[in-house]
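Asker: Residue numbers (my numbering), protein chains in the order written: chain A, 1 to 210; chain B, 1001 to 1573.
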Amino acid sequence: MAVSSLNSTHEAVHARYEAVDSLYRETRDLRLLGFVLFLISDVVLFTMFIFAYLYLRNSVPNWPPINKDGVQLPRFDVAFACVNSCILFGSGATMHFAMESWKHLKKAEFNLWMIATIVLGIMFLGGQAYEYSHVPITWAGSTLGGSFFTLTGLHGFHVFVGVIYLITLYIQANNGTYTGSKYFGLTAGTLYWHFVDVIWVALFYLFYLM
Amino acid sequence: MAVAVAHAGAVDNRDHIHPEPESFIAKYIFSIDAKVIGVQYMVAGLLFFIISGLLAEVVRTQLLTPQGAIVSNDTYNAVYSLHGSGMVWMTIIPLVTGGFGNYVMPLQIGARDVAFPWLNLVAFWMFPVAGVILFSSFLIGAPDAGWTEYPPISIQGPPGTSLWCVAIFLIGISSTLTGINFLVTILKMRAPGMTFTRMPLFVWAQLATAMLNMVATTALAGALLALFLERQFNVPFYDPGRGGSPLLWQHMFWFYSHPAVYIMILPAFGFISEIIPTFSRKPIFGYKMIAFSSIAIALLGFTVWAHHMFTSGMAPWMQLPFMILTMIIAVPTGIKIFGWTATLWGGKIEFHPAMLFSLGFIVVFTLGGVTGIFLSSVPVDLHWHGTYAVVAHIHYVLFGGSIFGIFAAVYYWWPKITGRMMSNKLGAVHFWMTFISFNATFLPMHWLGLMGMPRRVAQYSDTAPYLLNSFTLVNQFVSISSFVLAASTLVLLYNMASSLIAGKKAPPNPWNARTLEWQISSPPPYYNFKKIPAVLKNPYEFSEPLPYLGLDPSDKDDVHPDPTHHTPVGAHA
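Structure (structure tokens):
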């Protein structure tokens, strides 16, 4: 019984998704493909800096390297990064729930999950700022610092843009921009937020675990 | 079910239509019509072509005498750096993708516009801004490390090098956005019935180019961002004194810039693939092989970048695979050359200027391809690297390839774009002048290189091992030929101007071509197609009489003519 009601809910969501005029359907198709292609090209940007990091890392015998004053650089604090990562991954989950709530027409829940996502996103940025001010390395001081601050900074910039994006979506959703059928903006926001999450998985491994 | 019907049949006429603007600014300056944007790219590209070409003439004037007559060594370095950057990023790439891509591609697939017209507008305006930033670097000390800007010289270079980074970064973002836009357009907006194997070959070329633009150009953005950060904030990436690696730049730069040569040449292949069958009155030979070889070139293009780095001191084990992969790229390229040649075979050839430039393209591009094979071979490259032989090679493929292709495309699509005919006689004069002076300019550069003349030098010694034992005489011959080459462009400009002022009105289809853009008026109406055509055949059936039977001739407005001829990815009517 539970399963069939679940299926029927999913069918209802699907039916609503399909119940749009042809113009909306066609532009939604185009925008979805365009947005995914944009994310792919963004992945390439991160990949280049990850390549640079690995290249520079492999060009010295020991890692972490010594800085320009000959001081051996320490490893990063994994424990703190773990907590901060969990905050970001948690925001990915809340974003997923927000999207699902919207699809199932549960607007109050949607608002709660969205606010949770935005707050977690800001907390992650705060954690990032705290870490930046406490790590014993500098941007210009070593190749480790150069890669670390550039890559995590690029990612942090993406999170920052994402938070602004989510706040915009929250306002739009409450202004009636989106309906139970027409919500491409929310889909794009969800895709973007998950993309930011996935990039962080790679960065977390590369800087803290590897 | 109702939804399915709506998707397949009763399509309304609102999609991708925006109202025709009334004001001058909305119509010609900030237009969202792909045709206007295409022309904007062409005008801006022509301007930057002239500027970059004049910089090349400064280089050639300097080399008239061994001592270097007219500019200081530092200025000389800046001049050839901006000549290369200007030609690659501000001329060829915007012309072949943004220019002809925007104008011709939506027409050829039977669409009313590209998928994202506003994004198109934004992408266009980044281009002139980037161009102005690039050339304004002369004001504060222009970049002087060549168009490749290798560190550590580029790190220590003048302040304008940072402007160079910003300009190329901007034009890179513009290319990426255009690539995304074109990919979505080609994949999603083809007219009903236009399956992949009924797409014109120019569209295939744009598809492959858009893939490259989308993926490779962001890689360049990363490399440039790192260089910019290193220059402005001392972030160590490339400086070997601080743990960085100059080789890292070369890897990142060429990972983009090798695919970039295919961004520049694949659309030119597309021009040639349209023009040769039209003026041979024969279906193109090996349509599928030519189409798929574009994709093969695009994919292989990502695997060959380190062939620019054989002498850089990178790991020796990388040399052999990169050499072999580079040689393999000659296979799909050769397929195209053979396809075009076989199309000519037994054709009823008309020597229209577009056709002359296409035939010239086949000749000089093949020569450039042959020296490419030589350069890809490690032992030869060790000898040729950094000499004028490389300069000769790149100009044979970029000028003889991309620019010849652009000239051919100008003569071919000019009547469609402007609604006026050009003079064929002046076109022929332009071609022969260009073809002869081109070869006189760049062919001797091979020997200059083989005799040991390095590229990027402002002064040289006179004594050469052969060719009258004089570098000076050969350089003077090359320089004088290059002045003729520059002058030949004036013939084109005069032809354009006189056509715009007093040219004969162009009929819709002056060449009896079969692709969709020729089935509507010249210039096309604002919405391109009042009724989206249904495509029943491939675009090279010259035995079919006009009006072309490959199009559905029914005339009912805004009714989907043949709902069964849907493309797999969903068509827009």
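Note that CB positions come from ideal geometry on N, CA and C, so glycine has one too.
Fair warning: this is a prediction, and the values are worked out from it, not measured in the lab.
Return the residue from the list A:Phe110, A:Val60, A:Thr138 that minimises the CA-CA distance to A:Ile171.
Answerer: The residue labelled residue 171 of chain A in the question sits at position 171 within the first sequence. Selected option, being the one with the closest Cα: A:Phe110.
Asker: Of all Cβ atoms in chain B, is any one closer than 7 Å to the Cβ of A:Ser181?
Answerer: Position 181 of the first sequence, counting from 1, holds the residue named residue 181 of chain A. Answer no: the Cβ-Cβ gap between A:Ser181 and chain B never drops below 7 Å.
Asker: With a Cβ-Cβ cutoff of 7 Å, do B:Lys1188 and A:Leu32 count as a contact?
Answerer: Position 188 of the second sequence, counted from the start, is the residue given in the question as residue 1188 of chain B. Position 32 of the first sequence, counted from the start, is the residue given in the question as residue 32 of chain A. Result no, Cβ atoms of B:Lys1188 and A:Leu32 do not sit closer than 7 Å.
Asker: How long is the line joining the alpha carbons of B:Leu1170 and B:Met1252, rounded to whole angstroms?
Answerer: As a working note, residue 1170 of chain B is residue 170 in the second sequence. As a working note, residue 1252 of chain B is residue 252 in the second sequence. So the two alpha carbons sit approximately 17 Å from each other.
Asker: When the Cα atoms are used, what is the spatial distance from B:Tyr1287 to A:Thr150?
Answerer: Position 287 of the second sequence holds residue 1287 of chain B. Position 150 of the first sequence holds residue 150 of chain A. Their Cα atoms are separated by approximately 47 Å.
Asker: Looking at the strands, I want to know which residues DSSP matches up with B:Thr1387.
Answerer: The residue you call residue 1387 of chain B lines up with position 387 of the second sequence. Paired residue(s): B:Pro1454.
Asker: Could you tell me which chain B residues have their CB closer than 7 Å to the CB of A:Met48, listed as they occur along the chain?
Answerer: By one-based count along the first sequence, residue 48 of chain A stands at place 48. Ala1219, Gly1222, Ala1223, Met1252, listed in chain order.
Asker: State the start and end residues of the unbroken alpha helix (DSSP H) segment that holds B:Met1289.
Answerer: Position 289 of the second sequence, counted from the start, is the residue given in the question as residue 1289 of chain B. Start and end: 1287-1300.
Asker: Are B:Met1323 and B:Val1378 closer than 7 Å when you measure CB to CB?
Answerer: Indexing the second sequence from 1 puts residue 1323 of chain B at position 323. Indexing the second sequence from 1 puts residue 1378 of chain B at position 378. Yes, the pair counts as a contact, with Cβ atoms nearer than the cut-off.
Asker: Just the Cα atoms here: how many angstroms apart are A:Phe160 and B:Ile1276?
Answerer: As a position in the first sequence, residue 160 of chain A is number 160, starting the count at 1. As a position in the second sequence, residue 1276 of chain B is number 276, starting the count at 1. Distance between the alpha carbons of A:Phe160 and B:Ile1276 is about 52 Å.
Asker: Under a Cβ-count criterion, where at least 16 other Cβ atoms within 10 Å of its own Cβ denotes burial, should B:Lys1336 be classed as buried or exposed?
Answerer: Working through the second sequence from its first residue, we reach residue 1336 of chain B at position 336. B:Lys1336 is buried by the Cβ-count criterion.
Asker: Tell me which same chain residues have a C-beta within less than 6 Å of the C-beta of B:Arg1344, skipping the five on either side of it?
Answerer: Working through the second sequence from its first residue, we reach residue 1344 of chain B at position 344. For the sequence presented, residue 1344 of chain B should be read as Leu rather than Arg. Correct list, in chain order: Ser1280.
Asker: I want to see whether chain B comes within less than 7 Å of A:Phe38, judged by CB atoms only; does it?
Answerer: What you label residue 38 of chain A is simply residue 38 of the first sequence in a count that begins at 1. Interface residue, yes.
Asker: Out of B:Pro1332, B:Pro1246, B:Met1264, B:Cys1165, point me to the one whose CA is closest to B:Ala1210's CA.
Answerer: Locating residue 1210 of chain B in the second sequence gives position 210, where the first residue counts as 1. Out of B:Pro1332, B:Pro1246, B:Met1264, B:Cys1165, B:Met1264 has the C-alpha closest to the C-alpha of B:Ala1210.
Asker: Just the chain B side, please: which residues come within less than 8 Å of A:Leu206 by C-beta, in chain order?
Answerer: Within the first sequence, the letter at position 206 stands for residue 206 of chain A. The premise fails here: A:Leu206 is roughly 15 Å from chain B at the closest Cβ pair, so nothing lies under 8 Å.
Asker: Counting pairs of beta carbons, one from the segment 1504-1523 of chain B and one from the segment 1477-1495 of chain B, are three or more of them closer than 8 Å?
Answerer: These segments do not touch.
Asker: Tell me the DSSP secondary structure of B:Gln1067 in three-state form.
Answerer: Taking the second sequence and counting its residues from 1, one reaches residue 1067 of chain B at position 67. Coil.
Asker: Can you pull the chain A neighbours of B:Gly1334, defined as C-beta to C-beta under 9 Å?
Answerer: Here residue 1334 of chain B refers to the residue found at position 334 of the second sequence. The premise fails here: B:Gly1334 is roughly 30 Å from chain A at the closest Cβ pair, so nothing lies under 9 Å.
Asker: If you count every other CB in all the chains shown that lies within 10 Å of the CB of B:Phe1233, and 16 or more means buried, which is it?
Answerer: Counting from 1 along the second sequence, the entry for residue 1233 of chain B is found at position 233. Counting Cβ neighbours within 10 Å, B:Phe1233 comes out exposed, since fewer than 16 surround it.
Asker: Classify B:Thr1463 as helix, strand or coil using the three-state DSSP reduction.
Answerer: To locate residue 1463 of chain B, count along the second sequence from 1; it is residue 463. Looking at B:Thr1463 - three-state DSSP - the assignment turns out to be strand.
Asker: Just grab the DSSP bridge partners of A:Ile66 for me.
Answerer: For the purposes of this step, residue 66 of chain A is taken as the residue at position 66 of the first sequence. Answer is A:Gln72, bridged to A:Ile66.
Asker: Using the beta-carbon of each residue, which ones in chain A are nearer than 7 Å to B:Ser1376?
Answerer: The residue labelled residue 1376 of chain B in the question sits at position 376 within the second sequence. Ordered by position in chain A, no residue passes the 7 Å Cβ test against B:Ser1376, which lies about 24 Å from the chain.
Asker: Quick check on B:Phe1351: buried or exposed, where buried means 16 or more other Cβ atoms within 10 Å of its Cβ?
Answerer: If you number the second sequence from 1, residue 1351 of chain B lands on position 351. The residue in question, B:Phe1351, is exposed, as its Cβ has fewer than 16 Cβ neighbours within 10 Å.
Asker: What does the alpha-carbon distance come out to for the pair B:Thr1218 and B:Ala1123?
Answerer: Counted from its first residue, the second sequence places residue 1218 of chain B at position 218. Counted from its first residue, the second sequence places residue 1123 of chain B at position 123. Rounded to whole angstroms, B:Thr1218 to B:Ala1123 spans 14 Å at the Cα level.
Asker: From A:Phe124 to A:Leu88, what does the alpha carbon distance come to, in whole angstroms?
Answerer: The sequence position of residue 124 of chain A within the first sequence is 124, counting from 1. The sequence position of residue 88 of chain A within the first sequence is 88, counting from 1. Each residue's alpha carbon lies about 6 Å from the other.
Asker: Give me the Cα-Cα distance between A:Leu206 and A:Lys182, rounded to the nearest whole angstrom.
Answerer: If you number the first sequence from 1, residue 206 of chain A lands on position 206. If you number the first sequence from 1, residue 182 of chain A lands on position 182. Cα to Cα, the separation comes out at about 39 Å.
Asker: I'd like the list of long-range same chain contacts for B:Ala970, defined as Cβ closer than 7 Å, with 5 residues on each side in sequence excluded.
Answerer: One cannot answer for residue 970 of chain B here, as it falls past the ends of chain B, which runs 1001 to 1573.
Asker: For B:Pro1236 and chain A, any beta-carbon pair shorter than 7 Å?
Answerer: Translated into the one-based positions of the second sequence, residue 1236 of chain B becomes position 236. Closer than 7 Å: yes.
Asker: Note down, in chain order, all residues in the segment 1103-1119 of chain B with a beta-carbon under 9 Å from any beta-carbon belonging to chain A.
Answerer: Against chain A - using a Cβ distance shorter than 9 Å - the residues of the segment 1103-1119 of chain B are Ala1115, Phe1116, Leu1119.
Asker: The segment 1459-1475 of chain B: which residues have C-beta closer than 9 Å to a C-beta of chain A, in chain order?
Answerer: Going along the segment 1459-1475 of chain B in chain order, one finds no residue with a Cβ nearer than 9 Å to chain A.
Asker: In the DSSP output, which residue or residues are listed as bridge partners for B:Ser1479?
Answerer: For this step, residue 1479 of chain B is matched to residue 479 along the second sequence. DSSP output for B:Ser1479 lists no bridge partner at all.
Asker: Give me the residue from B:Gln1459, B:Leu1536, B:Phe1438, B:Val1535 with the minimum Cα distance to B:Ser1072.
Answerer: By one-based count along the second sequence, residue 1072 of chain B stands at place 72. When only C-alpha atoms are compared, the closest one is B:Gln1459.
Asker: Out of curiosity, what's the CA-to-CA distance linking B:Val1005 and A:Tyr24?
Answerer: In the second sequence, residue 1005 of chain B corresponds to position 5, counting from 1. In the first sequence, residue 24 of chain A corresponds to position 24, counting from 1. Per-residue confidence for B:Val1005 stands at a pLDDT of 29, beneath the threshold of 50, marking its modelled position as unreliable; the derived number appears in the next sentence. When rounded, the distance between both Cα atoms is 15 Å.
Asker: On the criterion of 16 or more Cβ atoms from any shown chain inside 10 Å, does B:Lys1035 qualify as buried, or is it exposed?
Answerer: Counting from one through the second sequence, the residue named residue 1035 of chain B turns up at place 35. Looking at its Cβ environment, which holds 16 or more other Cβ atoms inside 10 Å, B:Lys1035 is buried.
Asker: Kindly indicate if chain B contains any beta-carbon less than 7 Å away from that of A:Gly146.
Answerer: Taking the first sequence and counting its residues from 1, one reaches residue 146 of chain A at position 146. With 7 Å as the cut-off, A:Gly146 counts as an interface residue toward chain B.
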